[in-house]
Structure formats: C-alpha cells, structure tokens
Amino acid sequence: MTQKPKAKKLLQVAREAWDPEKIVVQYDDVRLKMLSYAILAPNPFNKQPWQLLLKNTNEINLYIDPDRLLPMTDPLHRLIYVSQGTFLELLSIAAKEFGYKPSIQLFPEGIDPVEKTGKSPVAKIIIEKTKVEKEDLFNQIPLRVTNRRPYKGPPITEEELNILQKSYSEKNYPMRFITDAEKISKIANLMAEAFKIEVYTERTYAATPKMFRFNANEVAMHRDGFSYENMGVTGNIKFFAEKFSGRDKSFSESFKKRTVNSVDKNAHTAKTFGIMFTQENNRIEQVEIGRRYARVHLMATKLNLSMQMMSQILEEYEELVEVQKKFLEIIKPYKGIPQLLFRIGHAKLTPHSPRRKLDDFLKS
Ligand SMILES: Cc1cc2nc3c(=O)[nH]c(=O)nc-3n(C[C@H](O)[C@H](O)[C@H](O)COP(=O)(O)O)c2cc1C
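The sequence shown begins at -7 in this note's numbering and counts up one residue at a time.
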C-alpha cells in the first residue's frame, strides 16, 4: 500500500529540515545556518524544547522552551536538559563547519529552580570567525535517526565498540557497554516492565498519545512528536494502523498491550546496551552528557549502526523505584549515576521525524 501523493507531500514538507544544505541557502546570517543543523538533534518525544535568542551579530542564547516540557514522565526536566546538550553539540560541530569557533558558556545567569525552568538561558554561545578544525561527524548530522525497529544481524564488533568509545570524552562521564546476552535480556525485561508501568499509569501515559502523530495531517500540522513510520511501521501495516487507530483508541487495552509488546520485543533485539554515567545528577552534567550522547549517536551513524535511547527505566517518578533498584543490581559493579540507557544494533533505516521551522524557535 503506497502513500497517497497528498500525504507524501505533507510528510516531505514536515521533514524538510533534514535537507539542511538546501534550507541554509536562504539565510545570510551564519548563525541561522548553524542552527538549521542544531535543530536536528535528538530530543525526548521529539518535543524540540529549544528557544533561541540572537543578540548582536555573534551571540546565540539557548533557552528551554517552558511550553515543551514533559512534566509527567520527566518531572525534574532531566531529559529536557540532556536535549539542550544534544543541541549544543550539533551547534558546535556545525559552527566549526562554517569556519567559526563556538565558545559555549553554560548557565551564564545561573541555574533555574525546577519550577522556573526556561527562565534563564542554558547557554550563551559566542561565535568567532577564525581557523578551526572541521569535524568529520558534521556529515552524519542529516543522516542520524533514532531507529525503533527490531535490530537484526551480527553482534557489534569489538572494533566498533572501541570506535564509539573513542568518540566519547570519558573523563567524569564513564560510558559502559553491556554485551553479555544474559544481562542484555535482563535489561530488556526491565525495559518492558518500566514501559508497562508508564503505559498503565494514567498520568505518565498521557504524553504518548499526546505526542503521537496518527496520520500525515497531524505530522504536518505539528511538525513534532513521532508517527508509525518513526516506529518502523510501514507498508500495509502502517496503512491499516493509520486507518483503524487514533487518539481515542490509543487508550484501549489492546493498543496499550500491543505497544508494550512491541517495546518488549524490540528491547530484546538489542545487540548491545550502552549506559552513560555522571558523578552526581546536576544540571551541568545533564547538559554535558547530552553533548556526549549526540557524538556517540553520530559516530554510530557513521558506522552504519542503529541506536535508540530507551529512557523508561531511568525516568524520575516514584512508580519506577523498584525497577530502578533491579537495574542497579544488574549493572553492578558501577560507579556514579546511570544517566542514559540506549540500545545499539543493525536495522533498516526509518524515515526521519519532523522538525518545526527554524523561525518557530526564535524568541524576541
Ligand atoms: C534525552 C532523550 C531521551 C529519549 N528517550 C527516548 C525513549 O525513551 N524512547 C525512544 O524511542 N526514543 C527516545 N529518544 C529519542 C527521541 O524520541 C528522538 O530523538 C526524537 O523523536 C527525534 O527523532 P530523531 O532522533 O530520529 O531525530 C530520546 C532522546 C533524548 C535526547
């Protein structure tokens, strides 16, 4: 079953940001060129929780968009801060590509309390035209995708894991790979357990149907969230899923059951789980770990590996406490605080998720 031409066109437009070379020609301001790459950063639920204030001719201020938080699944906004880091890393790589050195100052006006998130900038970035070394990872920015398909094929090789490890700046932020089949299976079981809790807790489940785009019209209207295609559902199955499901039906028992089963199945296909740790759990570390995650995901893209962040176990709400205790048991011995968990493997690519227009991110 092929997409109708109208739906295809709508999706193309909603995903136009993924052809940044074409987008940037319209801008004279080099900051807008760089930012066209930064908005392609991974971010939770594809909320795109970024706001940008441009000052003078060389300054960008990055803010959290307070209207794009995930208060139920991420009540302390940890994942939102992580995605400020993914954004900053892509911005930094893009700045170098355009011949600018980015100087990034985190929290130039201090750190907001949780209830005032978004009030002060997360970062002030000054760009300076100078001789800078370009980064190889730049070319991977428009190719990277969060791949939620089942992973297939061979295990991740030692060499690939070494390359990923080397793309990562470890000091104070250890990264560990779990390659042992028994541990992978235990973590996958816990992933399913955590996801089940999220789905069957009314409060935390609300975010999923809210951010899920059930058809091309919804994708085009919002240009955020994710859709069946981003879950790796295509062809006839996608056609029938779009035709016979919808926001109302997503609260049905059968929809919830299918969703949990699919996460369970996919988590078990992980060839490797990656875990990134911090020493404490402060805002600077959350941003810094986001920067590091972005690099690893770009490097995985270069190696033709698929990756998917799987946050459910580590989300910060009380119903997950027991699952988290079990997780810490499995990954023993470890030092620090597990901050991010993701699976790595091989899979056919999925289409990109949409992005809003750059203008939407600019604040005055
Ligand atoms: C902090 C953070 C947490 C995320 N958690 C999950 C998750 O639990 N499950 C998932 O499928 N994707 C997760 N993602 C991936 C986002 O959903 C994805 O980046 C977003 O939908 C945009 O898609 P893209 O990465 O393909 O550009 C996470 C990403 C970030 C940065």
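Each residue gets a CB set at the ideal place from its N, CA and C atoms; glycine is no exception.
- Query: Beta-carbon separation of I148 and T264 under 9 Å?
  - Reply: yes
- Task: Below 6 Å CB to CB, which residues in the same chain sit around R347 once its five sequence neighbours on both sides are set aside?
- Result: A9 and I31
- Message: As an exercise, report each continuous alpha helix (DSSP H) stretch of at least 4 residues that is fully enclosed by the region 210 to 290, in chain order.
- Response: 227 to 236 and 245 to 260
- Task: With hydrogens ignored, establish whether the beta-carbon of P166 is closer than 8 Å to any heavy atom of ligand 1.
- Result: no
- Cβ-heavy atom distance between M302 and ligand 1 below 8 Å? yes
- Task: Could you say which of Q43, Y165 and A339 lies nearest to V114 if we only look at CA atoms?
- Result: Q43
- For the 8 Å Cβ check, are there 3 or more pairs between the region 122 to 142 and the region 253 to 273? yes
- Per DSSP, cross-strand counterpart(s) of M301: F334
- Query: Can R7 and S345 be called in contact, C-beta distance under 9 Å?
  - Reply: yes
- Query: When burial is assigned at 16 or more other CB atoms within 10 Å of the CB, is M359 buried or exposed?
  - Reply: In the structure as shown, the chain starts at -7 and stops at 356, and residue 359 therefore has no counterpart that could be examined.
- T261: CB within 8 Å of a non-hydrogen atom of ligand 1: no
- Round the Cβ separation of I155 and A262 to the nearest angstrom and send it over; I've been treating them as touching at under 8 Å. The Cβ separation is near 18 Å, so there is no contact.
- Query: Quick one, which of L2, L295, Y285 and I96 has its alpha-carbon nearest S303's?
  - Reply: Y285
- K(-2) classed as buried or exposed, judged by whether at least 16 other C-beta atoms fall within 10 angstroms: exposed
- Query: Quick one: is the Cβ of S75 within less than 8 Å of any heavy atom of ligand 1?
  - Reply: yes
- Looking only at its own chain, which residues have a Cβ that is under 7 Å from the Cβ of E234, when we skip the five neighbours before and after it? F206, N207 and Y220
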